[in-house]
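For this note's numbering, count along the sequence shown from 1 and bump the result up by 7.
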Amino acid sequence: MGSSSTTDSAGGTASASPSTALSVEGPMGDYALGSPDAPVTIYEYASLTCNHCAAFHLQAFPQLMEKYVETGQVRYVIRAFPFDPAATAAVMLARCSGEDRYYKFLDVLFEQQPQWAFTGNPGENLEAIAKLGGFSGEAYEACIQNADIFDHVRDVQTRGQEIHGVRSTPTFFINGEKVEGALPFEAFEEVLLSHLPES
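Quick look at the structure:
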């Protein structure tokens, strides 16, 4: 489903987007990690077929979770910004897995990205992953043909592009500050710390 104007970004630039506009969720709502009362909210726009998104989630994200999300300082939301039909199908599967399993499913898809995203038949490989995650063949087909979930993914991507100026993935909004690219954890943490209240 993606757009020709989107790119896979390893850079690191910052600007701002109003936090109130960012808090508007898609038709089916956001799935969030961390405390709803956290002083910092991070929105990440990601594509499951994006190399740099996978690198961030395998390298920086575990540290971010341990230091800031699990300690109640950060609320974290991943929003879909798929590049292509394979990424769209993958994030639809994650949504179909349910709120309790959504982030675990995303973890698996990022970890196994080379095995499904860059092969001759990503749909067949996605179905195999889905079956390992408890989907039957019928449930897999029903999910990727679910118009409500497809419309939700499309709406989230359109709002990200048209309202928040998302052009590449990953793109983060840290309390409204836009950060583009898969920064190393230390650089990402530096931006994050500027938004946390001083202890």
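Virtual Cβ for every residue (Gly too), placed ideally from N, Cα, C. Note that the structure is predicted; figures quoted are calculated from it, not measured.
In angstroms with no decimal places, state the Cα-to-Cα distance between residue i and residue j.
| i | j | result |
| --- | --- | --- |
| T48 | A149 | 33 Å |
| I156 | M35 | 8 Å |
| A135 | S201 | 43 Å |
| S11 | R174 | In this prediction, S11 has a pLDDT of 34, which is less than 50 and means its spatial position is unreliable; nothing more can be read from the coordinates. |
| N128 | F90 | 16 Å |
| E118 | A189 | 16 Å |
| A97 | E187 | 22 Å |
| Q152 | D158 | 11 Å |
| C57 | P69 | 18 Å |
| G9 | A124 | With a pLDDT of only 38 at G9, under 50, the local geometry of the prediction cannot be trusted, and no value is derived from it. |
| V76 | A67 | 13 Å |
| F63 | E197 | 15 Å |
| F142 | R161 | 23 Å |
| Q168 | T27 | 16 Å |
| G183 | E205 | 18 Å |
| V81 | K74 | 9 Å |
| V31 | L133 | 30 Å |
| G172 | Q122 | 31 Å |
List the whole-angstrom C-beta distance separating residue i from residue j, where the pair is believed to meet the contact cut-off of C-beta under 8 Å.
| i | j | result |
| --- | --- | --- |
| L29 | Y50 | 6 Å |
| L203 | P46 | 6 Å |
| F88 | Y110 | The pair is not a contact, with the Cβ atoms about 16 Å apart (cut-off 8 Å). |
| E106 | Y38 | 5 Å |
According to the Cβ coordinates, are residue i and residue j closer than 9 Å?
| i | j | result |
| --- | --- | --- |
| A210 | Y147 | There is simply no residue 210 to check, as the chain begins at 8 and stops at 206 in what is shown. |
| R86 | V163 | yes |
| K176 | C60 | Reading the sequence as shown, one finds Thr at residue 176 and not Lys. The answer is yes: Cβ separation under 9 Å. |
| V84 | L113 | no |
| F179 | F195 | yes |
| Q120 | L71 | no |
| I181 | L199 | yes |
| L116 | L100 | yes |
| A93 | G130 | yes |
| G33 | R166 | yes |
Check for me: the alpha helix (DSSP H) holding residue i runs from which residue to which?
| i | result |
| --- | --- |
| R86 | Looking at the DSSP string, R86 is not in any alpha helix (DSSP H); the run it does join, the beta strand (DSSP E), is 81-87. |
| T95 | 92-103 |
| E73 | Where E73 is concerned, there is no enclosing alpha helix (DSSP H), given that its DSSP letter is neither H nor E. |
| V198 | 192-200 |
| A62 | 58-66 |
Over the uninterrupted beta strand (DSSP E) stretch that includes residue i, give me the two end residues.
| i | result |
| --- | --- |
| A53 | 47-53 |
- Write down every uninterrupted run of the beta strand (DSSP E) in the stretch 113-185 whose length is 3 residues or greater and which is fully enclosed by it, in chain order. Taken in chain order, the complete beta strand (DSSP E) segments of 3 residues or longer contained in the stretch 113-185 are 178-181.
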